[in-house]
Amino acid sequence: MTGLEAMLPLWIVLTSLLCGVVIFFLPEERAGLRTAINLFGATFKLLLVLVMLAGVEDGQRYAFEVPVVAGLVFALRADALSMLFLTLSAVLWLLTTVYAVGYLEHSQGRSRFFGFFSLCVSATAGVSMAGNLFTLLLFYEVLTLVTFPLVVHRGTPESVAAGRIYLAYTLGGGAAVLLATAWLHALLGPVDFFERGLPALRTLPEPVLIGAFWLLIAGFGVKAALIPLHGWLPRSMVAPAPVSALLHAVAVVKAGAFAIARVIYDLYGIEFAEFLGVLKPLAVIAGMTIVYGSARALSQSELKPRLAWSTVSQVSYIALGIATFGPVASVGGIAHLVHQGLMKITLFFCVGNLAERLGIHRVDQLAGCGRRMPWTMGAFTLAALGMIGVPPFAGFVSKWYLATGALAVGEAWVIGVILASTILNAMYFLPLLHAAWFLEPPEPSTPESAEAPAMLLGPPLVTAALALAAGLFAATSLSPLSWAEAITAEEYGP
Amino acid sequence: MGTTAETLLAHLPIAIIVIPLAGAVACFVLPRAARALMAVLGIAGTVASGWLAADVLEHGARGYVVGGWAPPLGIALHADGLAAALVALTAVLMTVCGSLARPRRSGDAFFTSWLFAWAALAVVFLSDDAFNVYVGLELLGIASVALVASPGTRPALHAALRYLAAGLTGSLLYLLGAALLYASEGTLSFAGLEDAGGAPAAAALAFMTVGLLLKCAVFPLHGWLPGAHGCAPAPASAVLSGVVVKSGIYLIWRLWSDTLFGVPADAAANLLGALGVGALLWGAAMAWRAERLKIVIAYSTVSQLGYLVMAVPLLRTAGVEALAGVMLLAAAHAFAKAGCFLAAGAVLARRRSDRLETLAGLVSQMPIAAFALGVGTVSLVGLPPSGGFAGKWLLIQASFAVHAWWWAAVFIAGSLLSAAVLIRALAPAFEAAPADCASRAERAGASEWTALAIALGALALGPLAGPWTSLVTEGSIP
Amino acid sequence: MTSAGFVIYATAGVALIGAGAFGLARARDALRRIVAINVAALGVLTTMVALAARGGGEADPVTHAMVLTGLVVSASATALALALVRRMAHLRGEEDADGHDG
Amino acid sequence: MGIDAAALLLDVTLAATVVALGWRCVITADRFETVAVFIGISLVMAIAWTRLEAPDLALAEAALGAGLNGALLLAAWAETRGIEDGPAERRIAGPALLAATTMAVAGAGLAPLVGAEAGLAAEIAARLDQTGVSYPVTAVLVDFRALDTLLELCVLLAALAATWQLGAARPLLRGKLYGPVFVAYVRIALPLLVVLAAALLWRGATSPGGAFQAGATLAAAGVLLLLVNPAGRVPALSWAYRICASLGVLAFLGLGTGVTAVTGRFLDWPLSHAGALVLVAETAATVAIATTLALLVVGGRPVAQRGRVGKRH
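Residue numbers (the numbering used here), protein chains in the order written: chain Z, 1 to 494; chain V, 1 to 478; chain X, 1 to 102; chain G, 1 to 313.
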């Protein structure tokens, strides 16, 4: 592998890092230059990711390692699982940048916002390509640091309070992961990720392994919003719409779920985890989070908190899929990582447009807005139906694989969970659609069609289309589903 | 060329002490040239310290006999890895912060005290003689008091007096300990005390340790620090918190970690560890209640010093790895704390108050100062990729290596505690500026940029931990 | 110097250290605190001089040099402390005066 | 036997007086008594140290401890007379416990040392010929441990720099002392002190004496000079103060580095000129100590008193 290719993973992390630093020191009024750098950075990174995707497709392995302190190695590695999450975050970062430029047209502190925005994406890229537990912890904590300023961007007392709660949860999680990492490192030396689990790990006594496992799950579970560690997610909805869209639908929340997948697949190995008997409790927790999240979403009167609780529940599908010891269920779980990202980001974009254009924040204000903002509500409907799991949308595909996979391994209760959650999804999404399309707008004060401008409308439409395509063309080789199958094939072996 | 470089290299240890001393006297005699002298000698001192560090890294510890008489008659300097690292750290901080100092009145006296403090630190780190270290500690005490008293306001004078009283008592206890040691062992040089034992040596160790704990404000003897570091001008408190306070702890490490004192010290070492935990908790509790940003940062020094004292039991058991970790923590803390104090100083200078409730809008008005404080907090809390994290990581590894896992839990709980404290203090900075005052970001001054540079230095210590740890563990405590 | 002499003066020194510690712990007033520290300093120095003369023969010059240096060092530190006390009293005086008509 | 018993009796009474004065000084509520008794302790201690075969220490203690410290304490007492920092503390238990533990630990440390022989007297005596001075204490101060002396002079200079930072000097006792009797006394005492200082300095090489004692005596003469002008005004700051105060450090640094070229070691006097070099260094140290201690008594930066004197009476 030539020098440049080995450096590819590093370049992907550095691209958005450099963009972030440059933008950070740009004076406020240079909006044009800032947008140019932003878009250039996003597209260049997407290109690099696609190049690497092609490389990983035909079996090439990218790795970059540099020793740091005594015994610690900073390692970046690109394999099938990391490419899935990396591609998702690169694509959605480009779209969200476009959306954010339009959304924050006249607000203050945009240099600071976009600086931290790019840093956050490079942290996500780092999490996805981490080659060992130490690098994962490094980027996991850096992700916390760079997302805090975004959560508190508005500067209102509520957002600062929400930011402090966010830090309390995530730093607590980070401490748990640090303890586990140090514990394993002290016993094993470098803790690297291996295909189907680290062999050296199996030599350790069981109590140590189980203790470390639950520490890691607790640490990563904070960002994956597992019960009872989910408290920060609904509260940090005070952040601006682009932040909620990318961070809480994709980057931060998925980083937690991805890290759990990484620990189970590439640290413990799926068989060894099953042997330890730790998968069952995790599946139960995930199940409970799914139902609890959907139930709480039902009672929310505001749009964004409702979506936030829906995210809490949806992310646990991924955990449920991974924790169910069966190849088909894990395909469903991994594919949902992408599907949920696409659908949820569309919903957040549309809710952002509604708030921006018509000042709609509450559920009961949605009456007749389908007529006034047809395209936005169209995308919203597509995504909402997808979330409920109506075929042929992406949501249906992942739920279907989850259900059949669970049935195959005799975990019938999982079907119950999925059914209950689907019903709850329907109960908190359908009334929105009904109000939007079938009710008269209260008073025709605003002009007939107050559709969002191109920069705010484009991204949701693209993501809605991607969500639809992920469902329709699931069978093709390029779809997230087939990519998930490839990952599962590696993890479960012959 | 070879020989002159060789002789210069041979005289490096004493040169590092003489350069700041000569600078101090020169500033006193030629008051108008004080600032220029400070700059020139600052650079000379940094070059010499850097050269010494590089030389020790390559060839191991380097000794120097002052006045031609070897111990026990004369005084010897001993520049091992640990001492060379600390001397280099001192040089960097003293030069950078020195260039920022803007004493309003009697600049000559300020820079004289500044350079005396630097020379005294060099003596304390390099000297191998217990009594010579006493005079160094005393010179350091008086020079630091001068820096604390330089604003000339009543609270500053009160804090300076309290600091001086504590320093004097501490030095007195240390002197009594040194005298007892000399009487029982017949030599004052640390190197010769390998097999010291018996009642006089134990009493000496007790007195010296309590004296040093008082001089470096370890809980419960920390009363004087918050006032002193809070009132001192920002560059001074940066250096006081960053390096001066650590000189006492360096001596404690040297006394407690050597195979010195056959006296059954393990129980007492754990007592020191408990004191460290007390400092951590008490510092955090007091910082939680403080209203001014500089006082919060000062109390966080008290709590961070707890880490350095807590490492003493680990130094005795886990040896080299613990030393690397604790020195990395000390260096990262020095840079991060200096960055925070300089930023807080800039905030105080521009907004006339650093009370926490008036911090609203800091992020939009003084982005560079806010960013420096943020980066400093990252290292103080010990989040990756900062040097603080690397230091804490090594300490946790060391505690696991000796199966003392409770120390690991304490280190992690401590970092969460300091996170809570510092975030509570800095959170208001993220709030939007109140409507009346402008929320335009004003041009950042030199001190803000320097604060950011130093804080980023603490961050850079993470990836650059390798060379620092190999220097520190070079031929030092076995 | 017989060892009896050493015992007498060493106990005197230790007693002075105790007195200094007692005074320091009790002192509220800065001047008292400085005097207490000086009493303790005298105690320490006396113990050292006694230690120097405890052997039968000639007194140990290294300890004498240490005592001399210790004496000068604590004298200058006390001078600085007292200068601080006087300056604070002066400022307090000025404050009270300004306080009324300021 | 008679002489030993008498000597023992003298030692016991001296020790008992010192301890009694020490505790009295600490317990009394009256601030003036604390200061006065402290000066008393210093004087009695000077006598006790002569009994411990340390005549030069006794001289230094009398000059520095009783003389200068006493003067400073009295000046500080005078200026803080009206101000009461806080209620006189009545708690006894805590301080008593602290005192008891300190004494216990010190006692435990000293007990085993009763019989043991005293330090390095023999080695130093054997090597005196290589130092250019014949009195062991001066040899230790200037040759064996010259770095200590250099640092100690820096401590003095640092204390002076710190005091100069506090602000302008204020008139000393506002010239209250100035009167015919005082002037007559000064006219006699001044030359005596200067001659005594010179003698102490010169003898330092061969017998008890040396820079510190000479410096302290000269400082006393300086204080007398400062007190003898009517308004107690301190002559304005000039470079003379600065040069004299830093002469000691300058000498040690300059000679120390210069000598390095000859002998290859910092502060390592070459045997051929050791005596002369030591004398130069000692004289410079004396001048420095005298100026610094006198200016420390002033307690502030002696700036020109252009119309400022009238402001505050």
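In this text, a Cβ means the ideal position worked out from N, Cα and C, and glycines have one as well.
The alpha helix (DSSP H) that contains residue i, what's its start and end?
i: residue 348/Z; result: 327–358
i: residue 39/X; result: 30–52
i: residue 368/V; result: 367–381
i: residue 141/Z; result: 133–151
i: residue 404/V; result: Taken as a continuous stretch (DSSP letters only), residue 404/V belongs to no alpha helix (DSSP H), as it is neither H nor E.
i: residue 100/G; result: 93–110
i: residue 423/Z; result: 412–438
i: residue 158/V; result: 154–185
i: residue 246/G; result: 239–263
Would you mind reading off the limits of the beta strand (DSSP E) that contains residue i?
i: residue 482/V; result: The displayed coordinates of chain V run from 1 to 478. Any statement about residue 482/V would go beyond what the structure contains.
i: residue 75/V; result: 75–79
i: residue 77/Z; result: 73–78
What is the DSSP secondary structure of residue i, reduced to helix, strand or coil?
i: residue 17/V; result: helix
i: residue 63/V; result: strand
i: residue 104/Z; result: coil
i: residue 67/Z; result: strand
i: residue 316/V; result: helix
i: residue 252/V; result: helix
i: residue 302/Z; result: strand
i: residue 129/G; result: helix
i: residue 57/V; result: helix
i: residue 247/Z; result: helix
i: residue 128/V; result: coil
i: residue 16/Z; result: helix
i: residue 316/G; result: Residue 316/G falls outside the range modelled here, since chain G spans only 1 to 313, and no answer is possible.
i: residue 509/Z; result: Here chain Z covers residues 1 to 494 and nothing more, so residue 509/Z does not appear.
i: residue 316/Z; result: helix
Between residue i and residue j, is the Cβ-Cβ spacing less than 8 Å?
i: residue 324/Z; j: residue 212/Z; result: no
i: residue 220/G; j: residue 142/V; result: no
i: residue 388/V; j: residue 380/V; result: yes
i: residue 413/Z; j: residue 246/Z; result: no
i: residue 10/X; j: residue 53/G; result: no
i: residue 459/Z; j: residue 98/Z; result: yes
On the criterion of 16 or more Cβ atoms from any shown chain inside 10 Å, does residue i qualify as buried, or is it exposed?
i: residue 47/X; result: buried
i: residue 434/Z; result: exposed
i: residue 96/Z; result: buried
i: residue 30/G; result: exposed
i: residue 271/G; result: exposed
i: residue 476/Z; result: exposed
i: residue 28/X; result: exposed
i: residue 11/G; result: buried
Taking contact to mean at least 3 C-beta pairs separated by less than 8 Å, is the region 286–303 of chain G in contact with the region 248–256 of chain G? Yes: at least three Cβ pairs fall under 8 Å.
Would you be able to state if there are at least three C-beta pairs under 8 Å between the region 204–217 of chain G and the region 138–152 of chain G? yes
The region 172–187 of chain Z in contact with the region 138–147 of chain Z per 3-pair CB rule at 8 Å: Yes, the region 172–187 of chain Z touches the region 138–147 of chain Z.
Three-pair Cβ contact test at 8 Å for the region 461–480 of chain Z versus the region 118–126 of chain G: no
Measuring CB atoms only, is the region 411–430 of chain Z touching the region 375–393 of chain Z, in the sense that at least three cross pairs come out at less than 8 Å? yes
How do the region 189–197 of chain Z and the region 145–157 of chain Z stand: do at least 3 beta-carbon pairs fall below 8 Å, yes or no? no
Just checking, does the region 227–246 of chain V make contact with the region 172–187 of chain V on the three C-beta pairs under 8 Å criterion? The answer is no - the region 172–187 of chain V does not touch the region 227–246 of chain V, with fewer than three Cβ pairs under 8 Å.
Okay, do the region 54–72 of chain Z and the region 325–344 of chain Z touch, 3+ Cβ pairs below 8 Å being the bar? no
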